[in-house]
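Asks:
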Amino acid sequence: VENKRRLVEVENSLNDSHQQELAELKNEFNCKLGDMKSQQKVAEEILKESQENCQRLHQQLENELRAEEELRVQISSLTFELSEKENFIKELEQKVTSAEAS
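Take the sequence shown: its letters are residues 14 to 115, numbered as in the numbering used here.
(1) State the Cα-Cα distance for the pair arginine 19 and lysine 45, rounded to the nearest angstrom.
(2) According to DSSP, is valine 21 helix, strand or coil?
(3) Does valine 14 come out as helix, strand or coil in the three-state DSSP assignment?
Here is the structure:
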């Protein structure tokens, strides 16, 4: 009977220590889970900001490309005008030279 009582005490003691160890592990797990959830929120915020930055940069690039194309058109137009004016000046110079010669 004494041995049986001692055996029950030892079993209860072991159960208590396992329960305590399990509670500590559960607490540690919950703390780490909380940290991971917090890190996930931070990562999601960073991802959202990055996506917004990419969209903003994409829009800025499109605007700059459009502005560059407009400048190309203006340069082409001005180059054509300049060429026409240079030709007109040459024609006038030839007329002046012809008039001076005669």
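A virtual CB, placed ideally from N, CA and C, is assigned to each residue, including glycine.
Replies: On the basis of the coordinates in this document:
(1) Rounded to the nearest angstrom, the two C-alpha atoms are 39 Å apart.
(2) helix
(3) coil
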